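Every letter in the sequence shown is one number past the one before it in this note's numbering, and letter 208, counting from 1, is 257.
Each residue gets a CB set at the ideal place from its N, CA and C atoms; glycine is no exception.
Fair warning: this is a prediction, and the values are worked out from it, not measured in the lab.
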Amino acid sequence: MTQALVFYNSVAGLVTVVFVVFLYRIKNERLIERMILLVVIQVAILILGAMLYPVDGFGRLQLLAWGVFLHFPLYLIASGVMLFDKSRLFFYALVILVLIILGVAVDAFLIEPRRLEVSRTTIYSAKLEQPIKVAVLADIQTDNPGTYEARVLAITAAENPDLVLLAGDYLQIYDQDAYQVAVIELRNIFKDAGLKPPLGIYAVRGNVDHNDWTAIFQELDVRPFTTTETLDLGAITLTGISWLDSENPNLIIQGSDEYHIVLGHSPNYSLGEIDADLLLAGHTHGGQFQLPGIGPLLTLSLVPRSWAAGLTEIKPDQYLLVSRGIGLERGSAPRMRFLCRPELVILEIKPAQ
50 MTQALVFYNS VAGLVTVVFV VFLYRIKNER LIERMILLVV IQVAILILGA
100 MLYPVDGFGR LQLLAWGVFL HFPLYLIASG VMLFDKSRLF FYALVILVLI
150 ILGVAVDAFL IEPRRLEVSR TTIYSAKLEQ PIKVAVLADI QTDNPGTYEA
200 RVLAITAAEN PDLVLLAGDY LQIYDQDAYQ VAVIELRNIF KDAGLKPPLG
250 IYAVRGNVDH NDWTAIFQEL DVRPFTTTET LDLGAITLTG ISWLDSENPN
300 LIIQGSDEYH IVLGHSPNYS LGEIDADLLL AGHTHGGQFQ LPGIGPLLTL
350 SLVPRSWAAG LTEIKPDQYL LVSRGIGLER GSAPRMRFLC RPELVILEIK
400 PAQ
């Protein structure tokens with residue numbers, strides 16, 4: 050990915066310099082029109098260059114982010130300076146556009162990724178006689194466990210939940226030595242948090258987790274589901290499903306007379322025949338990048354985009370809750386969130402009135 054970034058930024062930077070030099074040399078009354086034409090050409094080059102470069106999909110998104118948030122604003126700034134004497138109105142319009150782009154970049158890369166939101170939701174069921182508070186943590190997905198993850202778990206413990214459910218994707222690290230160190234670090238963070246919910250802590254596997262993912266929870270009061278399994282917790286029934294089963298849109302899960310919660314990583318399983326009251330998932334990260342009025346551009350799931358974050362009543366008295374997650378996509382992906390803060394979900398399930 051480093052080689053791709055160097056090549057892409059070198060070419061994009063060269064294009065920017067050539068276009069600015071061209072504008073500087075012509076200096077005629079058609080400067081604004083030519084500047085706009087070059088904007089269109091530059092945007093096309095930045096997009097095509099990112100999309101056609103031989104890296105994975107997340108890598109292409111990272112290249113595109115460099116183009117949008119670095120090279121495009123640099124061209125607008127340089128050309129805007131030359132347009133100052135031609136059209137003050139156009140100049141100030143460019144200034145506003147550049148400030149918007151830079152504002153989005155600051156928020157997306159520096160602010161939102163660690164601006165945790167505690168999302169509170171209440172649902173009701175005639176199957177319960179006593180309320181249950183459930184904390185849902187999805188997609189911790191870090192490559193450097195530290196103060197942020199410790200803060201999230203401390204907030205979780207302070208909520209005094211009755212049940213804690215972990216929806217997969219704990220560490221995204223490809224170097225095995227670094228991974229083993231991070232396993233110990235994340236395990237210690239869980240230990241220090243002192244989470245002791247009366248109904249227990251349960252975890253399922255996510256798609257970025259290593260085969261030995263359960264090592265994170267060694268010596269902890271956490272019950273990992275290594276296969277799809279159903280447990281009787283007294284007041285409720287809990288089914289934890291494997292990563293592959295959570296991806297299956299044709300999955301069948303049998304029902305229960307008690308209030309039935311199903312925990313999986315991907316929300317795809319919610320499209321199957323699931324006889325349960327509450328379906329929980331993560332994986333989508335809420336898209337990580339959302340646009341006003343449009344929502345997430347990419348969810349990496351089969352469910353409708355309107356289901357990809359938050360609580361949805363998908364059938365009468367059956368709810369799907371998809372968490373935006375705690376962390377970020379790592380590896381070659383751009384580490385950004387926009388209009389899509391990380392979240393800790395606190396769900397209260399109360400007896401029907």
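CB proline 345 to CB arginine 354, shorter than 8 angstroms?
Yes, the pair counts as a contact, with Cβ atoms nearer than the cut-off.
Would you check if the distance between the CB atom of leucine 220 and the CB atom of phenylalanine 239 is smaller than 8 angstroms?
No, Cβ-Cβ distance for leucine 220 and phenylalanine 239 is not below 8 angstroms.
Below 8 angstroms between beta carbons: does that hold for histidine 314 and glycine 376?
In this structure, glycine 376 does not lie closer than 8 angstroms to histidine 314 by Cβ.
Let me know the secondary structure DSSP gives alanine 227 once reduced to three states.
Here alanine 227 sits in helix by DSSP.
So the alpha helix (DSSP H) leucine 28 belongs to, where does it begin and stop?
Any answer about residue 28 is impossible in this case: the structure gives the chain only from 50 up to 402.
From tyrosine 251 to proline 210, what does the alpha carbon distance come to, in whole angstroms?
Roughly 13 angstroms between the two C-alpha positions.
With DSSP run on the structure shown, which of helix, strand or coil describes leucine 286?
Per the sequence presented here, residue 286 reads as threonine, with leucine not at that position. In this structure, threonine 286 counts as strand in the three-state DSSP scheme.
Quick check on alanine 199: does DSSP put it in helix, strand or coil?
Three-state result, alanine 199: helix.
Which residue marks the beginning of the alpha helix (DSSP H) containing aspartate 294, and which one marks its end?
First-last of the alpha helix (DSSP H) with aspartate 294: 292 to 295.
Using the three-state DSSP reduction, which class does glutamine 339 fall into: helix, strand or coil?
Note: glutamine 339 maps to strand in three-state DSSP.
Applying the 10 Å Cβ sphere with the 16-neighbour rule, what's the burial state of lysine 245?
Per the 10 Å Cβ criterion, exposed.
Since arginine 169 is in the beta strand (DSSP E), which residue starts that stretch and which ends it?
Element bounds for arginine 169: 166 to 174.
Taking one C-beta from the segment 326 to 338 and one from the segment 389 to 396 each time, how about it: are there three or more such pairs within less than 8 angstroms?
Contact between the segment 326 to 338 and the segment 389 to 396 is present, because at least three Cβ pairs lie under 8 angstroms.
Identify whether glycine 344 lies in helix, strand or coil by the three-state DSSP scheme.
Here glycine 344 sits in strand by DSSP.
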